[in-house]
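Engineer: Just passing along the structure, written as structure tokens.
Numbering (this note's numbering), first residue to last: 23 to 395.
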């Protein structure tokens with residue numbers, strides 16, 4: 023039986039919110055048990071090889087997704103009955119529950135349950151998950167040596183501050199807590215140690231991408247109409263100001279950007295609009311490395327933006343410089359604005375899935391554009 027589609031709901035009473043949290047925790051524990059996990063991992067392992075980053079969507083992809091969705095929903099119903107959790111009632115309450123996410127006490131099992139329930143019908147999320155699994159299988163585990171890590175800290179507000187922070191490359195200090203460490207992805211976090219924002223923390227994601235450096239640059243920096251072809255969260259942007267050029271600075275603009283955030287992030291308070299200064303600096307902090315930044319600009323207080331600033335470094339992959347690159351992105355978050363469980367989900371699940379999905383759609387867009395010429 024198909025899960026009831028979720029729509030925005032009203033506020034839950036404290037008793038309902040507490041009950042919903044308990045349901046999620048109970049059902050989440052069931053979903054993390056061997057019955058569901060063995061089936062899910064086995065299904066993904068059996069079918070992920072059929073998915074290809076470079077090709078158009080095949081009918082087989084839809085069939086695999088529908089089979090996974092049906093199997094997952096059947097097991098959700100069984101798990102709910104065994105745990106005494108009314109799944110239909112839980113689904114009906116989710117929008118209101120997540121809308122007050124910052125007030126809820128949610129553990130990791132419940133967060134994974136939330137992600138399963140809210141993304142089950144999302145084909146693009148499923149495909150990105152399969153591509154991540156395929157990459158894991160082909161790449162294996164183990165720490166990646168030589169990846170460039172850029173540091174963001176202490177309230178970067180301008181280009182000079184951005185460059186000072188980008189000079190702190192290859193930071194493997196003990197202050198970073200490693201969340202994921204594999205051959206193709208490394209995720210870590212640490213307190214921002216920002217006197218002006220004492221409760222903020224940094225989230226760092228490093229990915230080995232199957233795109234050459236020039237394509238990575240366009241995928242990250244293009245905020246014109248073409249971006250809709252590869253970024254499914256993008257809804258439009260206007261250039262507010264273009265700053266005077268300076269040596270090495272290939273792009274320096276203030277933009278107003280509109281997004282359609284995923285359900286969990288939107289409901290938890292991440293804005294659908296952002297005003298920021300977008301910067302790209304060539305050969306910095308080292309030759310062959312390129313620093314980009316999304317910095318606060320204008321009235322940030324009015325935007326109630328949880329992300330204070332974001333930056334990173336892109337470079338060609340030394341192992342395959344002609345067709346692959348290494349991307350390191352760092353975002354500074356208001357820890358009080360985003361609960362720990364949601365930040366963990368964003369790091370482990372959303373960020374890799376989002377980047378892999380963008381790369382997949384960008385390749386299709388580029389192939390289609392080339393075919394028309």
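Every residue gets a Cβ at the ideal spot worked out from N, C-alpha and C, and that includes glycine.
How would you write the range of the alpha helix (DSSP H) that residue 57 sits in, first residue to last?
Structural biologist: As a position in the chain shown, residue 57 is number 35, starting the count at 1. Note, residue 57: alpha helix (DSSP H), 56-69.
Engineer: Helix, strand or coil: how does DSSP classify residue 186 here?
Structural biologist: The sequence position of residue 186 within the chain shown is 164, counting from 1. Note on residue 186: pLDDT 47, under 50, position unreliable in the model; no value is reported.
Engineer: Answer with buried or exposed for residue 265, where buried requires no fewer than 16 other C-beta atoms within 10 angstroms of its C-beta.
Structural biologist: For the purposes of this step, residue 265 is taken as the residue at position 243 of the chain shown. Burial call: exposed.
Engineer: Hey, quick one: how far does the alpha helix (DSSP H) through residue 48 stretch, first residue to last?
Structural biologist: Locating residue 48 in the chain shown gives position 26, where the first residue counts as 1. Unbroken alpha helix (DSSP H) run through residue 48: 36-53.
Engineer: For residue 370, is the classification buried or exposed, using 16 other Cβ atoms within 10 angstroms of its Cβ as the cut-off for buried?
Structural biologist: As a first step, residue 370 is located in the chain shown; it is residue number 348 there, counting from the start. Residue 370 counts as buried, since at least 16 other C-beta atoms from the protein chains shown sit within 10 angstroms of its C-beta.
Engineer: Along the chain, where does the alpha helix (DSSP H) that runs through residue 236 open and close?
Structural biologist: The count along the chain shown starts at 1 and reaches residue 236 at position 214. Residue 236 -> alpha helix (DSSP H) spans 235-243.
Engineer: How long is the line joining the alpha carbons of residue 242 and residue 155, rounded to whole angstroms?
Structural biologist: On the chain shown, residue 242 is found 220 positions in, with the first residue counted as 1. On the chain shown, residue 155 is found 133 positions in, with the first residue counted as 1. Using only the alpha carbons, I get a separation of about 23 Å.
Engineer: Output yes or no for whether 9 Å exceeds the beta carbon distance between residue 300 and residue 339.
Structural biologist: Residue 300 sits at position 278 when you count from the first residue of the chain shown. Residue 339 sits at position 317 when you count from the first residue of the chain shown. No, these two residues do not count as a Cβ contact at 9 Å.
Engineer: Leaving out the 5 sequence neighbours to the left and right, which residues in its chain are closer than 7 Å to residue 153 when beta-carbon positions are compared?
Structural biologist: Taking the chain shown and counting its residues from 1, one reaches residue 153 at position 131. If we look at residue 153 and ignore the five residues flanking it on each side, its Cβ neighbours are 73, 75, 378, 382.
Engineer: If you follow the alpha helix (DSSP H) that residue 98 is part of, which residue opens it and which one closes it?
Structural biologist: Within the chain shown, numbered from 1, the residue matching residue 98 stands at position 76. Segment 81-105, the alpha helix (DSSP H) holding residue 98.
Engineer: My assumption, with CB atoms under 8 Å, is that residue 206 sits in contact with residue 157. Please give the rounded CB distance.
Structural biologist: Translated into positions along the chain shown, residue 206 becomes position 184. Translated into positions along the chain shown, residue 157 becomes position 135. Confirmed, Cβ separation roughly 5 Å.
Engineer: Which class does residue 390 belong to by DSSP, given the choice of helix, strand or coil?
Structural biologist: Within the chain shown, the letter at position 368 stands for residue 390. Looking at residue 390 - three-state DSSP - the assignment turns out to be helix.
Engineer: Could you tell me the distance, in whole angstroms, from the CA atom of residue 104 to the CA atom of residue 43?
Structural biologist: Along the chain shown, one-based indexing puts residue 104 at 82. Along the chain shown, one-based indexing puts residue 43 at 21. Taking the straight line from one Cα to the other gives about 17 Å.
Engineer: For residue 341, count the other beta carbons within 10 Å of its own beta carbon; 16 or more makes it buried, fewer makes it exposed. Which is it?
Structural biologist: Stepping through the chain shown from its first residue, residue 341 is reached at position 319. With fewer than 16 other Cβ atoms from the protein chains shown falling within 10 Å of its own Cβ, residue 341 counts as exposed.
Engineer: Is residue 283 helix, strand or coil when you go by DSSP?
Structural biologist: In the chain shown, residue 283 corresponds to position 261, counting from 1. Correct three-state label for residue 283: coil.
Engineer: Thinking just about the alpha-carbon of each residue, which of 209, 93, 200 is nearest to the one in residue 65?
Structural biologist: Your numbering for residue 65 matches position 43 in the chain shown. Among 209, 93, 200, the Cα nearest to that of residue 65 belongs to 93.
Engineer: Tell me whether residue 78 sits in a helix, a strand or coil according to DSSP, three-state version.
Structural biologist: Against the chain shown, residue 78 aligns to sequence position 56. Here residue 78 sits in coil by DSSP.
Engineer: So which of 334, 388, 84, 296 has the shortest CA-CA distance to residue 319?
Structural biologist: On the chain shown, residue 319 is found 297 positions in, with the first residue counted as 1. Checked all of 334, 388, 84, 296; the closest Cα to residue 319 is 296.
Engineer: Using C-beta distances below 6 Å, list every residue in its chain close to residue 255, excluding the 5 sequence neighbours before and after it, in chain order.
Structural biologist: Against the chain shown, residue 255 aligns to sequence position 233. Excluding sequence neighbours, residue 255 sits near 281, 282.
Engineer: Using DSSP with H/G/I as helix, E/B as strand and the rest coil, what is residue 383?
Structural biologist: Locating residue 383 in the chain shown gives position 361, where the first residue counts as 1. Per DSSP, reduced to three states, the secondary structure at residue 383 is helical.
Engineer: Taking the C-alpha atoms as reference points, what is the distance between residue 373 and residue 210?
Structural biologist: Within the chain shown, numbered from 1, the residue matching residue 373 stands at position 351. Within the chain shown, numbered from 1, the residue matching residue 210 stands at position 188. Distance between the alpha carbons of residue 373 and residue 210 is about 12 Å.
Engineer: Where does residue 385 land, buried or exposed, given buried means 16+ other C-beta within 10 angstroms?
Structural biologist: Along the chain shown, read from residue 1 onward, the residue named residue 385 stands at position 363. Under this definition residue 385 is a buried residue.
Engineer: Just mark residue 15 as buried or exposed, buried being the case when its beta carbon has 16 or more other beta carbons within 10 Å.
Structural biologist: This structure cannot speak to residue 15, because the chain is shown only from 23 to 395.
Engineer: Looking only at C-alpha atoms, which of 107, 106, 88 sits nearest to residue 142?
Structural biologist: Here the question's residue 142 lines up with position 120 in the chain shown. It is 88 whose Cα lies nearest to the Cα of residue 142.
Engineer: Any idea what DSSP makes of residue 318, helix, strand or coil?
Structural biologist: Sequence index remark: in the chain shown, residue 318 carries index 296 (1-based). Three-state result, residue 318: strand.
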